[in-house]
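Quick note, the working numbering runs 35 ahead of the 1-based positions in the sequence shown. We put the beta carbon where it would ideally sit given N, CA and C, even for glycine. Here the structure is a predicted model, which is why all the values come from computation and not from measurement. Accompanying notes for the structure given below.
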Amino acid sequence: MAMHFATVKGRSSFSSLGSLRSMPSDPMKPLRCARPRTRSLLPSRYHSTIAASGVFSGTTPEQFLAKQTQVSFTSEIGTLESMQRLVIAGKKDLLCTEPVLAMLPDDATRDLWKSVVEDMKEGNGGASQTFVVATPWGPRHLSAVVLPSKISRHNCEAAPHALTDLIASAAGSKGAMVVLALQEASHAFASGCAVARAFPVLSMTSQAPPAEEEAAEEAPAEVRVSFVVPSAVSDSAATAVSAAAVARIQCAADGIRLAQRLVDAPPAAMDTNALVQECEGIAAEVGCDLVVMRNAE
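This is how it looks when you write it as structure tokens:
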């Protein structure tokens with residue numbers, strides 16, 4: 036703690052970071068100082084829970100990871116049958132092409148989709164709209180995400196800057212199937228990384244952690260991402276993004292979400308010992324040797 040040297044009427048004494056109280060009449064009497072005020076890193080409601088979970092020993096509090104979303108990339112184009120929510124994102128002219136319309140269950144849904152997309156104004160940051168449709172498998176949420184058509188010359192044509200926020204709001208909190216309609220297959224990597232950034236692992240929201248019974252019953256949300264390139268497909272079930280490219284995107288997405296967790300964690304949770312534990316876990320996973328140079332405690 037920083038110390039301040041104070042001199043008052045010929046008498047000197049030390050004080051901590053606080054306000055000096057009145058000087059004692061006896062110069063030999065120790066000076067009383069106000070107790071320094073410290074600022075907590077987390078809301079007070081978390082203190083007891085974090086202390087019990089071992090956050091200060093270098094582990095991440097479990098309640099902050101309870102609602103983490105699993106993000107997986109696949110070569111198979113999803114439909115409304117497999118998930119409760121289908122999100123289709125892309126430029127406006129791509130969302131009404133035949134490969135995209137083939138994902139919808141019937142002609143009525145396709146007509147509604149085309150009407151919604153045509154009326155949307157993407158602006159500079161894109162736009163999204165969600166509505167409920169009746170399907171043979173029950174009601175489903177269908178979200179249209181229109182990316183901006185005008186992109187800065189310094190940005191990627193896939194508009195990843197807008198895709199992250201739009202997908203985060205359209206996918207909801209209970210999982211979704213996300214289909215990215217791309218102009219070119221080369222845009223898949225940038226678009227996939229943008230989707231990964233929309234679902235951080237660590238959540239520092241102020242809501243109270245769920246009860247143990249509720250947490251055990253609630254499964255982690257799942258977001259499955261696939262790609263379609265309308266200009267490169269010959270039929271409605273084809274995709275121009277190879278399985279090898281999808282695997283590379285999955286690895287990059289996992290790395291992005293890992294970096295998010297390390298950076299977003301408070302210093303009390305991600306201290307130097309916790310960083311060593313992270314390195315040890317990665318070394319064990321890839322099967323390499325790790326040497327830790329640690330000074331005496």
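In the displayed model, E315 falls within a helix according to three-state DSSP. Pairing Q295 with L237 gives a Cβ-Cβ distance under 8 Å. Within the model, the alpha-carbon separation for S107 versus A331 is close to 42 Å.
According to the DSSP assignment, S226 belongs to the alpha helix (DSSP H) that extends over A223 to R232. Straight-line spacing of the CA atoms in S178 and S208 works out to 14 Å. Residue P183 holds the alpha-carbon nearest to the alpha-carbon of G158 among R283, L325 and P183.
For R120, the number of other beta carbons within 10 angstroms of its own is at least 16, and it is reported as buried.
Counting along the chain, A124 sits inside the beta strand (DSSP E) bounded by residues R120 to G125. In the DSSP annotation of this structure, V327 is not part of any alpha helix (DSSP H), being labelled neither H nor E. Counting every other CB atom within 10 Å of its CB across the protein chains shown gives F166 a total below 16, marking it as exposed. Under the DSSP assignment, E153 falls in the alpha helix (DSSP H) whose first and last residues are D142 to D154.
Looking at A143, P301 and P174, the one whose alpha-carbon comes closest to that of M118 is P174.
As a beta-bridge residue in DSSP terms, A169 pairs with P174. Within the same chain, R259, V260, S261 and V281 come within 8 Å of T109 by CB-CB distance, once the 5 residues on both sides are set aside. DSSP lists no bridge partner for Q103. Secondary structure at V276: coil, using DSSP grouped into helix, strand and coil. Put simply, the backbone Cα of A197 is about 36 Å away from that of E315. When the beta-carbon positions are compared, V122 and L129 stay at least 8 Å from each other. Under DSSP, the beta-bridge partners assigned to S261 are V214. Taking each of A169, G125, V180 and W148 in turn and checking the Cα distance to A162, the smallest one comes out for V180.
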